[in-house]
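Asker: Here it is, the structure, as structure tokens.
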Amino acid sequence: MGFFFAISFRALALGVLTTMTFGQVLAQNSQEWTRLRTFPEIPITQDVFGGPLQSDRDLDCLSDDLEWILASQFAPYFVFDSRENARQPNEPLTLFQVHTGIIRSTHRADAIACSNPPREIKIRYAYLFKRDGGYATSAWCGDDHWGDNTAATVTLSITRAPDATRGEIQSLRLKEVQFGSFLWSKHAVRLIHRFHPVIYLSAGKHHEFMAPAPGGIIDNSPYSNWGCQDGVDGRGVQAWARLEDTRAPRGLLNVGESHAHPSEFFVVDLSHLGLAGESAWGIAPFCGGAGRDCSQVVAPMSQVWLR
Ligand SMILES: [Ca+2]
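The sequence shown begins at 127 in my numbering and counts up one residue at a time.
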């Protein structure tokens with residue numbers, strides 16, 4: 127249980143949105159601001175999969191409380207460009223999904239329903255803005271519009287106990303970090319406080335990068351074919367992904383699984399979170415709450431999530 131208490135405390139501590147300067151963060155955490163090559167295993171000392179149905183409302187064999195703890199442990203840290211032109215106070219709104227790939231049978235006893243754990247768990251973070259501000263540092267590229275949803279995915283590999291007979295596992299290890307055009311370990315990712323990927327967001331477009339650009343400008347954005355400039359100087363606002371909100375069901379921004387996300391327990395209607403008329407599982411283009419004025423160029427929220 128020690129592991130879980132420790133992680134819970136950390137999760138609570140990280141639930142606060144902070145805005146520190148680049149220099150402050152570097153000064154406090156310089157030894158941890160590293161380019162990742164290997165990653166320590168996290169030992170697990172109790173059963174993870176299975177458990178009572180009432181603690182697993184999205185029917186994926188993982189306790190919904192543990193989903194939040196895992197998501198908090200790897201929650202990203204955002205670094206904006208100093209020329210950002212569209213970020214509203216407290217943005218982005220970060221929703222999360224912890225996905226096992228299992229659909230739990232509700233017709234069998236608990237231990238049997240989840241007796242075949244997956245090899246990995248994927249955590250997806252979707253960060254939402256009311257507006258995309260366009261290529262803020264580009265002379266000839268615009269492309270601003272209502273609504274902006276972008277995602278990052280952390281994959282954890284699972285080691286099962288040699289004598290596992292039910293849902294016990296032995297440890298978790300970070301296997302992959304993916305966002306935008308980038309994938310660790312193919313590309314170097316930066317971590318803060320050991321576990322949290324740092325995501326650099328370009329000015330206006332909020333395109334994702336694993337490091338700031340030399341001189342603050344990327345001449346040929348990897349996110350378009352038009353030679354647009356992405357501004358990525360890493361000298362703007364910094365903010366933790368905040369996975370809790372008192373306006374959300376159970377106070378958490380968990381969206382659940384595609385096959386089960388009852389709205390008493392998971393985020394569905396985003397109107398309560400400042401995005402009028404939007405749903406975390408919406409099938410219409412995401413418009414950042416703008417309704418009819420939307421140009422409908424952004425993917426529906428339902429396409430953001432793993433299934
Ligand atoms: Ca669950």
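Ideal Cβ positions, reconstructed from N, Cα and C, are used throughout, including at glycine.
Pull the bridge partners of Trp-366 from the DSSP assignment, please.
Answerer: Residue mapping note: residue 366 aligns to position 240 of the sequence shown, counting from 1. According to DSSP, which records beta bridges pairwise, Trp-366 is partnered with Tyr-203.
Asker: Can we count Gly-382 as close to ligand 1, meaning its CB is less than 8 Å from some heavy atom?
Answerer: Looking up residue 382 in the sequence shown gives position 256. Indeed, a heavy atom of ligand 1 lies less than 8 Å from the Cβ.
Asker: Taking Asp-359 as the reference, give the member of Arg-250, Gly-268, Glu-193, Leu-327 with the closest Cα.
Answerer: Here residue 359 refers to the residue found at position 233 of the sequence shown. With distances taken between Cα atoms, Asp-359 lies closest to Leu-327.
Asker: If you check the beta carbons only, do His-332 and Thr-263 fall under 9 Å apart?
Answerer: Taking the sequence shown and counting its residues from 1, one reaches residue 332 at position 206. Taking the sequence shown and counting its residues from 1, one reaches residue 263 at position 137. No, the pair does not count as a contact, with Cβ atoms beyond the cut-off.
Asker: Looking at the secondary structure, which residues open and close the beta strand (DSSP E) in which Asn-275 lies?
Answerer: Along the sequence shown, one-based indexing puts residue 275 at 149. Residues 271-285.
Asker: Which residues neighbour ligand 1 when neighbourhood means a C-beta less than 5 Å away from any of its non-hydrogen atoms? List them by chain order.
Answerer: After applying the 5 Å Cβ criterion, the set is Asp-182, Asp-184, Asp-186, Leu-188, Asp-190.
Asker: Give a yes or no on contact between the stretch 358-377 and the stretch 191-209, applying the rule of three or more CB pairs nearer than 8 Å.
Answerer: Because the criterion of three Cβ pairs below 8 Å is met, the stretch 358-377 and the stretch 191-209 touch.
Asker: With DSSP as the reference, identify every bridge partner of Ala-410, one or two as the case may be.
Answerer: Locating residue 410 in the sequence shown gives position 284, counting from the first residue. BP columns for Ala-410 are empty, so no partner.
Asker: Is DSSP giving Trp-431 helix, strand or coil here?
Answerer: As a position in the sequence shown, residue 431 is number 305, starting the count at 1. Residue state, collapsed to three classes: coil.
Asker: Note down, in chain order, each residue of its chain lying with its Cβ closer than 7 Å to the Cβ of Ser-428, except the 5 sequence neighbours on either side.
Answerer: Walking along the sequence shown from the start, residue 428 turns up at place 302. Excluding residues within five positions, the ones whose Cβ falls inside 7 Å are Trp-407, Gly-408, Ile-409.
Asker: On the three-pair Cβ rule with 8 Å, is the stretch 267-285 touching the stretch 410-424?
Answerer: With a cut-off of 8 Å, the stretch 410-424 and the stretch 267-285 count as touching, because enough Cβ pairs lie within range.
Asker: Between which two residues does the beta strand (DSSP E) carrying Ala-305 extend?
Answerer: What you label residue 305 is simply residue 179 of the sequence shown in a count that begins at 1. The residue you asked about is not Ala; residue 305 is Phe in the sequence shown. 297-305 is the span of the beta strand (DSSP E), which, as asked, contains Phe-305.
Asker: Go to Ile-355, then tell me how far its beta strand (DSSP E) extends in each direction, as first and last residue.
Answerer: Along the sequence shown, one-based indexing puts residue 355 at 229. According to the sequence displayed, residue 355 carries Gln and not Ile. Neither: Gln-355 is in no beta strand (DSSP E) and is coded neither H nor E.
Asker: Between the C-alpha atoms of Val-324 and Ala-386, what's the straight-line distance to the nearest angstrom?
Answerer: Numbered from 1 along the sequence shown, position 198 holds the residue referred to as residue 324. Numbered from 1 along the sequence shown, position 260 holds the residue referred to as residue 386. Approximately 30 Å, taken between the alpha carbons.
Asker: CA-CA distance, Gln-246 and Ile-284?
Answerer: By one-based count along the sequence shown, residue 246 stands at place 120. By one-based count along the sequence shown, residue 284 stands at place 158. For the record, residue 246 in the displayed sequence is Glu; it is not Gln. Approximately 5 Å, taken between the alpha carbons.
Asker: Check for me: the beta strand (DSSP E) holding His-398 runs from which residue to which?
Answerer: By 1-based counting over the sequence shown, the position of residue 398 is 272. Counting along the chain, His-398 falls outside any beta strand (DSSP E), and DSSP gives it neither H nor E.
Asker: Report the partner residues of Gln-223 according to the DSSP bridge assignment.
Answerer: The count along the sequence shown starts at 1 and reaches residue 223 at position 97. Answer is Arg-250, bridged to Gln-223.
Asker: Decide yes or no for the touch test of the stretch 345-357 against the stretch 223-232: beta carbon pairs closer than 8 Å, at least 3 of them.
Answerer: At 8 Å Cβ cutoff, the stretches do not touch.
Asker: By Cβ distance, which residues of its chain are closer than 7 Å to Phe-175, with the 5 residues on each side in sequence left out?
Answerer: Within the sequence shown, the letter at position 49 stands for residue 175. Cys-187, Leu-188, Cys-240, Pro-243, Gly-293, listed in sequence order.
Asker: Give the secondary structure of Glu-404 by DSSP, where H, G and I count as helix, E and B as strand, and everything else as coil.
Answerer: Taking the first residue of the sequence shown as position 1, residue 404 is located at position 278. If DSSP states are grouped into helix, strand and coil, Glu-404 belongs with coil.
Asker: Terminal residues of the continuous beta strand (DSSP E) containing Phe-316?
Answerer: Here residue 316 refers to the residue found at position 190 of the sequence shown. Per the sequence presented here, residue 316 reads as Arg, with Phe not at that position. Looking at the DSSP string, the run of the beta strand (DSSP E) that includes Arg-316 is 316-318.
Asker: Just to check my reading of the structure: Ala-329 and Asp-184 have Cβ atoms closer than 8 Å, yes? What is that Cβ distance to the nearest angstrom?
Answerer: The residue labelled residue 329 in the question sits at position 203 within the sequence shown. The residue labelled residue 184 in the question sits at position 58 within the sequence shown. Rounded, the Cβ-Cβ distance is 36 Å, inconsistent with contact.
Asker: Using a 10 Å radius around the Cβ and a threshold of 16 neighbouring Cβ atoms, would you call His-398 buried or exposed?
Answerer: To locate residue 398, count along the sequence shown from 1; it is residue 272. His-398 comes out exposed.
Asker: Measuring alpha carbon to alpha carbon, tell me which of Gln-199, Phe-222, Pro-218, Ala-235 ends up nearest Pro-178.
Answerer: Taking the first residue of the sequence shown as 1, we reach residue 178 at position 52. Nearest of Gln-199, Phe-222, Pro-218, Ala-235 to Pro-178, Cα basis: Ala-235.
Asker: Which same chain residues, not among the five before or five after Arg-209, have their C-beta less than 6 Å away from its C-beta?
Answerer: Mapped onto the sequence shown, residue 209 falls at position 83. So the qualifying residues of the chain are Ala-262, Thr-263, Ala-329, Gly-357.
Asker: Alpha carbon to alpha carbon, how far is Leu-396 from Ala-416? Give it in angstroms, no decimals.
Answerer: Locating residue 416 in the sequence shown gives position 290, where the first residue counts as 1. Locating residue 396 in the sequence shown gives position 270, where the first residue counts as 1. One C-alpha to the other measures close to 12 Å.
Asker: Is Ile-344 helix, strand or coil when you go by DSSP?
Answerer: What you label residue 344 is simply residue 218 of the sequence shown in a count that begins at 1. Ile-344 falls in the strand class under three-state DSSP.
Asker: Am I right that Phe-255 and Ala-201 are in contact with their C-beta atoms under 8 Å? What's the rounded C-beta distance?
Answerer: Position 129 of the sequence shown holds residue 255. Position 75 of the sequence shown holds residue 201. Actually they are not in contact, since the Cβ atoms of Phe-255 and Ala-201 sit about 17 Å apart, beyond 8 Å.
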